Amino acid sequence: MSIRDWPAEQRPREKLLNKGAASLTDAELLAIFLRTGVAGQSAVEMAQQLLQRFGSLRALLQADLQEFCQAHGLGSAKYAQLQAVLEMGRRHLTEELRREQSFTSPDAVKNYLLAHLRDQQREVFACLYLDSQHRLIHYEPLFLGSIDSASVHPREVVKAALRHNAAALIVAHNHPSGIAEPSRADELITQRLKEALALVEIRLLDHFVVGAGQVVSLAERGFC
């Protein structure tokens, strides 16, 4: 049976318009993105099959071009559309963070960092440069690889903060393992950064560790 023959309240598009996007299942959301199914399958049935193939919606969104195009009914055009949707989501979060008082809205910062860092396959150390009202000036990945006292250079962080005329800083890095628990090395580099930035009167507001679906604040643990 075609989706057009379903009762109106069961059609994904109508359901979204009447009840909001949050009311839809992963398969229904994906079906709206797909727009049409393939021979013998509605868009919802195709979406359900894709979610089974990849294991989850997030795994589908993380797939590279080759893996994505191996799925029946998908191709480079759909991949390009999906990447555009993801990037629009990231830019929306950026604009939201720029409107917020970032230090008084930790949820906005955490959502922003999850969007940028949780799916990275290697460790990325990033800086959020803030103005005097703690609004975002610029986001910048600064170091790649294992994050420890040898690979994160406080002098480079200070130089970058001065270049962006930042009044305050939030730093963050991801754990590709998916576990967001800070290590002893994370605590030590946080203290070194705090001391180095203080010399040029720039405040380190927080150091976030990003896992698969969790973000841990070192400030909340007393390290900033």
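For what it's worth, this note's numbering labels the leading residue of the sequence shown as -6, then goes sequentially. Ideal Cβ placement from N, Cα and C applies to all residues, glycine included. Here the structure is a predicted model, which is why all the values come from computation and not from measurement.
Q.
Taking a contact to mean a Cβ-Cβ separation below 7 Å, would you say ILE163 touches LEU198 in this structure?
A. yes
Q. If we ignore side chains and look at the alpha-carbon of each, how far apart do ALA205 and PHE118 end up?
A. 16 Å
Q) Who pairs with LEU162 in a beta bridge, going by DSSP? A) TYR122, LEU197
Q. Measuring CB to CB, does HIS157 end up less than 7 Å from ILE130?
A. yes
Q: Please report how far the alpha carbon of VAL150 lies from the alpha carbon of ARG6, in whole angstroms.
A: 47 Å
Q. Is ASP141 helix, strand or coil when you go by DSSP?
A. Bear in mind that the predicted position of ASP141 carries a pLDDT of just 48, short of 50, making it unreliable; the figure below should be weighed with that in mind. DSSP places ASP141 in coil when its eight states are reduced to three.
Q. Hey, how far is the Cα of GLY30 from the Cα of TYR122?
A. 45 Å
Q | Bounding residues of the beta strand (DSSP E) (the contiguous stretch that carries VAL37) | A | Looking at the DSSP string, VAL37 is not in any beta strand (DSSP E); the run it does join, the alpha helix (DSSP H), is 36 to 47.
**Q.** Neighbour-count burial assignment, PHE201, 16 or more Cβ in a 10 Å radius
**A.** buried
(Q) Am I right that ALA14 and LEU22 are in contact with their C-beta atoms under 8 Å? What's the rounded C-beta distance? (A) 7 Å
Q) What does ASN167 pair with, by DSSP beta-bridge criteria? A) VAL203
Q) In the structure shown, what three-state DSSP assignment does PHE136 receive? A) strand
Q: Report yes if the CB atom of GLN34 is closer than 7 Å to the CB atom of ALA20, and no otherwise.
A: no
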